[in-house]
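Protein chains in written order, with the numbering used here: chain P, 2 to 1002; chain H, 2 to 1002. Using N, Cα and C, we set each Cβ at its ideal position, and we do this for glycine too. Only a predicted model underlies this, so the values are computations on that prediction, with no experimental measurement involved. Below is one structure, written out as structure tokens, with a few remarks after it.
Protein chains: 2
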Amino acid sequence: MPSDFEDRVRKTGLRLYDIAEKSKPSLFRKDYWTGKVMDVSMKNDAFKQEMFRFVDVFPYLTTPESVARHIQEYFCRPDQHFPKAMQWGLSHVTPDSMTARMAAKSISKNITTMGKQFITGATIDEAAEVLKKARDAEGVAWTVKILKEAVTSTQEEEEFLDGQINLIERYSEIVTNWPALGTGEIGGLDWGFTPQVNISLMASCLYSQYLTKSCAMDYAIDRAKERLRPIYRKAQQLGAYVMMDMEHLPARRFTLELFKGINDESEFRDWPHNGIAYQAYMKDAEPLLADLVKWAKTGGHDFGMRLIKGAFWDEEMVLANLYNYPVPVFTNKHETDASFERCAHTVLKSHRHMQLKCGSHNIRSVAYVIETARKLGVPEDRLEFQMLHGMAENLRNAWTKHDLRLRLYAPVGEIVPGMAYLVRRLLENTSSESFLRQSFVDGAAREAMLRDPASLAKDSPQTESGTPADSEYGETGPFSNEPPIEWDVATHAAFAAALENTKSSFPRHVRPVVNGVPTEGGKTLMSTDPNMPERVVAEVACADAETVEFAVAAANTAFTEWAVTPAEKRAAYLFKAAGRVRAKRHDLAALLVYEGGKNWTEAQADLNETVDFLEFYGREMIRLDKPRTASERPGESSRLGYLPRGVGGVIAPWNFALPISVGMASAAIVTGNTVVYKPASQTPAIGQAVHDIFSSVYLPNGVFNFVPGPGEEIGNALVTHKDVAFTVFTGSRQVGLGIIEKSGPTPEDAQQVKHVIAEMGGKNAIIIDSDADIDAAVGPIIQSVFGYMGQKCSAASRLIVLAENHDKFVSRFKHAVETLVFGPAEDSRSDLGAVIDAEAKAKIETYVDIGNTDGQLLTRGANAEGPGHFVRPAVFTDISPDSRLAQEEIFGPVVCIIKVDDFEEALQVANGTPYALTGGVFSRSPANIERACREFLVGSLYINRGTTGAMMKRHPFGGFKMSGVGSKAMGQYYLPQFMFTRTIVENTFRSGFAPMEAATD
Amino acid sequence: MPSDFEDRVRKTGLRLYDIAEKSKPSLFRKDYWTGKVMDVSMKNDAFKQEMFRFVDVFPYLTTPESVARHIQEYFCRPDQHFPKAMQWGLSHVTPDSMTARMAAKSISKNITTMGKQFITGATIDEAAEVLKKARDAEGVAWTVKILKEAVTSTQEEEEFLDGQINLIERYSEIVTNWPALGTGEIGGLDWGFTPQVNISLMASCLYSQYLTKSCAMDYAIDRAKERLRPIYRKAQQLGAYVMMDMEHLPARRFTLELFKGINDESEFRDWPHNGIAYQAYMKDAEPLLADLVKWAKTGGHDFGMRLIKGAFWDEEMVLANLYNYPVPVFTNKHETDASFERCAHTVLKSHRHMQLKCGSHNIRSVAYVIETARKLGVPEDRLEFQMLHGMAENLRNAWTKHDLRLRLYAPVGEIVPGMAYLVRRLLENTSSESFLRQSFVDGAAREAMLRDPASLAKDSPQTESGTPADSEYGETGPFSNEPPIEWDVATHAAFAAALENTKSSFPRHVRPVVNGVPTEGGKTLMSTDPNMPERVVAEVACADAETVEFAVAAANTAFTEWAVTPAEKRAAYLFKAAGRVRAKRHDLAALLVYEGGKNWTEAQADLNETVDFLEFYGREMIRLDKPRTASERPGESSRLGYLPRGVGGVIAPWNFALPISVGMASAAIVTGNTVVYKPASQTPAIGQAVHDIFSSVYLPNGVFNFVPGPGEEIGNALVTHKDVAFTVFTGSRQVGLGIIEKSGPTPEDAQQVKHVIAEMGGKNAIIIDSDADIDAAVGPIIQSVFGYMGQKCSAASRLIVLAENHDKFVSRFKHAVETLVFGPAEDSRSDLGAVIDAEAKAKIETYVDIGNTDGQLLTRGANAEGPGHFVRPAVFTDISPDSRLAQEEIFGPVVCIIKVDDFEEALQVANGTPYALTGGVFSRSPANIERACREFLVGSLYINRGTTGAMMKRHPFGGFKMSGVGSKAMGQYYLPQFMFTRTIVENTFRSGFAPMEAATD
């Protein structure tokens, strides 16, 4: 850009500043309650966090007592030292005291006022007054957005659709007599080119399952289009404008494809009154915009683009960090601003096809757009400015005084769905990088704020924070979880091809491999596709007791050398195996689909977990191999080291046949033990794949031996063998307890006492507190209960709901269950499918019968027709905690809902089974969360998230009571149990000499 | 001191410097091999350490190949980067190559030369030449000291005695025709007042057991006097002078009392020609000297005092640090110098009774003594100066030129016993605080070196390093081991009284205590004193299965509250209990003597361990209670916490009835479990004492329940009870395996799978390498084998000796065993006594029979007569590793010696039993030590020290194979096994808000 352009931008900016600086945004005025709160929040991060969390839960609090109690929990804890004024006199009273209730009422009022700052009204009619007033007084237009709780079911999609249709209809009625802006014509187009009625909506409300259907994108878009068409038609019919909001990254592709798809439909192709929001803070904002421009030009489209910087920065950072993909947003504010300008330039240049809706509160950005539009000669009707209601009255004034066409974003709705919106706005305003805060609170110099962000970005370039280097693993580098598969056109096609390919390899021939040599098997066993039992996946020539004898002998022989192979070298085999798994991920995942009955998502997730096990345990062994010092003093060194146990029997389950097999075996191997591995009878082909992984990296013969076959015979021979030092098992309680019992006696001539590591069952509960955020709870709970048809030991099978939230939760949950799609696992659309075999199906149906006797059937969800071992999901209410349904592990898509009066009872019920594996709590009460952390007796407690899908290293996994024995898998205490420890105490003092200085003559 | 005195000291010092500075001590002359080595040592601490260690082992190396191999192991390791010249071309050759052997020979020659620097000759006749030459040329006198390996047996005491007598006789013959110094009179007194024949000796050589007899000091001194009298008589008879050296602190009281005692005997009372060395670096040097002066004046004694600064500084620091008592020496060099001057002043003032032998190489110290003597008018015959041969020829010159009466210390002996002496001298000279090094190598300014040390000390006061604060335990403060009891007159009397007192409490009445209430017992059981079986220690009203039922119920009820009692509060009970144990230590130790048959030393050591368990586990729980973070990221917090298991059965052994009971029970309790405790049948009164300790600190009722009685009935009921979550056991393999087997089945209705922590037996071996320092090995091995009659699971019962060292070791070991004192435990003199009961005795004698059949009896040690269950120690040689004697745990004073050809075979034999508990290696080969660290399969490997007496925190203890299951006691991984872990994963992301800064507008 030439510098005279920069100068014009600067001058325009200064003019805008001149007007704006005459007043301060009301949000920051400390004579108001909101202003005070904002003030403290900006100064005190801890307070800000508690405040915004309190605001988040506030709408759920139905009584003054409950409000008072939450205030105490958020602001009056002994570990906090907040300003007295911000404890509202509640630190030393009981929540039901008169004082407390009075304070609660007053605070409630203030928060409601705070809400009104941003939310124009509970209904369009209520909002209309605000809209009209501002139109008349300031000449601003509006876009109306209905605030909505998360849409979690087909029923809620329908409600949403109805709401949008109603909005367009009612809003159109309201504006009938309003003069158009610019022209004054009654009922005419504002400024002569754009409808008075303008609504904004979120694509995610159109199809509740868009997120879990990322592997079936076409299907998801089709579903969404079905909802969107009526809205577009209504808008066309009544002359309204529809703007699609942009959400977080996981929704972006869905939203963009949906937008393009519907605009490609002939009935909407020529309709200019629709648009889409676009976020400039994405690192790929520019290339993606280029594609969009190309599409628009090629198709001859005309649509609006609301260019914004983006409001999900926190969330993008969090998600990228948690799931370990590159941070998708600029982390340097100047980069974001520069990207905004570049995108604006592109859109303005493409003004024949795109109307720019400039959505920024940043004077520099706006000045840039004004001057660029002028330079490029953009016609008036191709550019408007947008701003959020309640954000910056002084800028609004500056924009309109400057004759910019300004549209305000008007959220309409109740406070409950509005709170998430409110919190986002508060966050934006209090961020230290906020233009408003910097300019009008912190008093930054205008000139500095008006500088070209591109040059500023050059001065302070983007830095990638990324994962901090874990020094614990030394040169091997930090551990990071494998990033989840990104379902785009290419990966979708690759996996579809792998499914085809894999199918053609059936039936596979599986037989034992001992000491690297395939051996003759005995009887034959078949494995079949649970979703299509006629499909034989594998024919197994089974191992028998004699094979086990050979295998143990081979493992015992191999142990001698393997035990003293350096840890780094052993770990290197695991890292190589990880690479192998990555390279073959689609083929392996396809096998999981056919033999395990996993759907696309679950199958791919298993692959990630498999890689993670190998990468993590390899690193852990390297860490553990460094001897730890117990004490180091002059004259004595004392350290602890590890040594392997011997031959281990690895007995694997069918439900996570690949990752758990690899996890258990690799842990045993990397710690220097040798292994005899028996896969589950249901999944021998996957077992063979496990063997192939290890043999493909040339693990020395005898270190890993493969003995497929029936559990009773092989398992027994293995567990009780005198030379088997330990058994590591994952499976049912019954089999697990049997192994433990059989491992009790020490055989004559055994070299050691047998050791057992066993992961067994669970009867996992999730507590839904009275203040739980149901929006945030339904999705994760559905996943926890019905993921892989509930065939996970971590699956939730009891939902304990506080009475206050019960009916609301039950209703939303029911509809969500009914929204799930039933079908064979190989169909990318399927949420639910077959259970593992006919026996499992029969057992599950028995429990459904019990449920029908002991309680009320709420729903059995979708219909399920087909040849597979299909079981329809079943949800029961009115179940007593003592019912077999609430006590026994079902291992299927059956869940009971138990209503309780208070949190105490919830914990009692939760703890009242023989199991202690996983547990969940959805709550926004700090006190209840803390109590659950103390009293909820489970191996893994999950707070405000689902109870399945534990991630390596971050979520060490394992239970107690009847759920298992041993240290948690996936964590840093897992490997040590595969080893003995040795203390080495060395007297380093010799002949009067220790490594220290003497003090004699 | 007036400053004109200081000025005179300064001037005298400068005069001495003038003479001294004309040459450099030969030790530091880099044109010699020794000088080069000293030079590199002073610059490179790592090299110095390896060099001195190599010098230490060198005399044991009998072949050039072995020398070459050791040089490679010490100087050519890949982790070292020593100067090429200091690798002597050995880094890339095999030790048996011609090059290597040539280099080895050359180095051997150089080291021998280095030895000759300090050692005047191998015999007195060889030394006489050196002595005579210096007398004639320089006018210096000599004191001759026979270098001796450590004296480890009566036989060696006798050899030592003979050696001293011979020395005096032969030395006297040699000097017959020597002219006396000063007078020139043939055979006359040197300088007219002191014998020409002057010897120095160490008190520790007079009685080999002085160290282990610190609780029987009178006895030890009597034994030493029996050896000393003939020496004194011979000296009187032949007109010689006898000086007693001073050793490390543990020998000081013995040496001083011996010296005073013999001087109080009428035949020596008036004999002035004996003296004692006195160390000024001890913090209590002054008060103790005052006592000595008082004694001398009162008794009218006349004796010499060789005042030195002290040569055991390293060792004193190490010992104080390892056993956790205050550092006894000054750690600031100036303080030591100042203390020397004050002591010298005192001795000079007392010159009527004490002749000062000023033993310093420090010019300032000597100048101070010269001027003080002058000032106090000390007669010539009351002052002489002493110096070490080989240390500082230039000072020697200065002293004599200054007309000081100088005596040189002349070590005489072979290189093997001389190496420890040599290393001490090398250390002194290379110390950065050495006067010689500072003055003649580092070139310190004379004036600075001559300043008054008292004023210098004031400028840089003494700092106590002490144990660094362990932040791991936060406010509770660091853990430190209880310091061992110091046996002085007061503690001896106190314990003797406690023994009397305790005896009078017998028979004690023991009965079960459940839920804080003593209950009716069933059948009666007696415990008796193993050393006097007629003495009934306790009458027990035994618990039965019904009592167990009550006790488990009480513990189960108490668990609910105890489990949620804060960890710090639980730990506080342990700390209180520790205080209680400290307060009652003598009474408790007395009970161990009578019921457990422990001797004084072992009984008191048990008390220390008891206190340590309480203090350490209390702190450990506080440490573990802080939740550990598995990961903390924006949006997610993941942490691990602990929770207790439930009711634990604690089944205790009789051998460490107090500490192990307290250790197991306190671990279970502090982790939040409740306990039913069954003591061993042999030690119910000690069990009751354990109960009393916990009840005296008001542990809530039901947390600790006491059920004394027979193992079969009670143990069984306890282990298999459905409400007993875990058993923690220490005892025999047979019982332990039984408990593990019985804990296998999970009872109907049990809340969890049973967990067992079991410490069982051992068949522990010590390897004595071909280069092992036998001097340093015999004592610790005797203690490891015969401590508490071998009734420790850690006791060594196999000695695997490399052929090269076999005969020498066997001979010294035999004599050492025969020196041990047999007698009842209550007699402070007893090393050995009864085994626990008649059954044990019978079993041990069976193994003696096996030994007689399978091998050669080496010795059965001392005689053992009396009513106790006495078993004489038994040592067998020529035992095959497969013999039952070498395979089965005997748990008594029986040991077999197995001869092996090489280290590989040694390890094979060591690993060739079903046990893996403790093991030891005595070796000075870095490569063999490293190999043992990798390949010796034991829970606790001890290098160059005994295998028993593990210390809390520093020596985590526990074995594998048939030696036990579970994590090591005394270490940081012990408590976690008493608990389950809980992962708590919290989604901290709410409504777009995570605790981080946003980057939007």
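- Remark: C-beta atoms of P/HIS756 and P/ARG830 do not approach each other more closely than 9 Å.
- Going by beta carbons, P/LEU451 and P/ILE364 fall inside the 9 Å limit.
- Under the DSSP assignment, P/ALA766 falls in the beta strand (DSSP E) whose first and last residues are 765 to 769.
- Taking 7 Å as the upper bound on Cβ-Cβ separation, chain P lies near residues PHE53, ARG54 and ASP57 of the region 51 to 70 of chain H.
- Taking a Cβ-Cβ cut-off of 9 Å, the neighbours of P/ALA631 in chain H comprise LYS954, ARG955, HIS956, PRO957, GLY972 and GLN973, given in sequence order.
- A residue is called buried once 16 or more other Cβ atoms fall within 10 Å of its Cβ, and H/ARG353, having fewer, is exposed.
- At the C-beta level, H/ALA797 and H/THR948 come within 9 Å of one another.
- If you draw a straight line from the Cα of P/GLY913 to the Cα of H/ALA564, it is about 17 Å long.
- Taking a contact as a CB-CB distance under 8 Å, the pair P/CYS794 and P/GLY834 does not count as one, their CB atoms being some 19 Å apart.
- For P/SER267, the enclosing alpha helix (DSSP H) stretches over residues 267 to 270.
- Rounded to the nearest whole angstrom, the CA to CA distance from P/ASN929 to P/ALA766 is 16 Å.
- For H/ALA542, there is no enclosing alpha helix (DSSP H); the enclosing beta strand (DSSP E) has its first and last residue at 533 to 542.
- P/LEU738 sits close to H/VAL754, with the two beta carbons spaced by under 9 Å.
- With contacts defined by Cβ atoms closer than 9 Å, P/ASP607 and P/PHE560 do not form a contacting pair.
- Among the residues of the region 721 to 750 of chain H, those with a Cβ less than 8 Å away from any Cβ of chain P are LEU738, ILE741, GLU742, LYS743, SER744, GLY745, PRO746 and THR747, in the order of the chain.
- Leaving aside the five residues that flank H/GLN978 on each side, the residues in its chain whose CB is nearer than 7 Å to its CB run, in chain order, ILE758, GLY967 and SER968.
- Of P/ILE112, P/GLN689 and P/CYS359, the smallest CA-CA separation from P/PHE55 is found for P/ILE112.
- Against chain H, the beta carbon of P/LYS969 has neighbours under 7 Å at THR982 and THR984, listed in chain order.
- For H/TYR574, same chain residues with a beta-carbon under 7 Å away, outside a window of 5 residues either side, are VAL698 and LEU700 in chain order.
- Judged by their CB atoms, H/GLY636 and P/LEU886 are not nearer to each other than the 9 Å cut-off.
- Nearest CB-CB separation between H/ILE944 and chain P: below the 9 Å threshold.
- By the Cβ neighbour-count rule, P/SER4 is exposed, with fewer than 16 other Cβ atoms within 10 Å of its own.
- Using beta-carbon distances, H/MET963 counts as an interface residue toward chain P, with a partner under 9 Å.
- By the Cβ criterion, the region 147 to 154 of chain H is in contact with the region 407 to 420 of chain H, since at least three pairs of Cβ atoms, one from each stretch, lie closer than 8 Å.
- Assignment of P/ASP57 by DSSP, reduced to helix, strand and coil, places it in the helix class.
- For the 9 Å CB-CB criterion, P/GLY856 and P/ASP883 do not form a contact.
- Within 7 Å of the CB of P/GLN888, no CB atom of chain H is found; the nearest one sits about 13 Å away.
- Inside the region 72 to 96 of chain H, DSSP marks no whole alpha helix (DSSP H) run of 4 or more residues.
- Under the 9 Å criterion on CB atoms, P/VAL786 is classed as non-interfacial with respect to chain H.
- Scanning chain P for C-beta atoms nearer than 7 Å to the C-beta of H/SER639 yields ARG955 and HIS956, reported in chain order.
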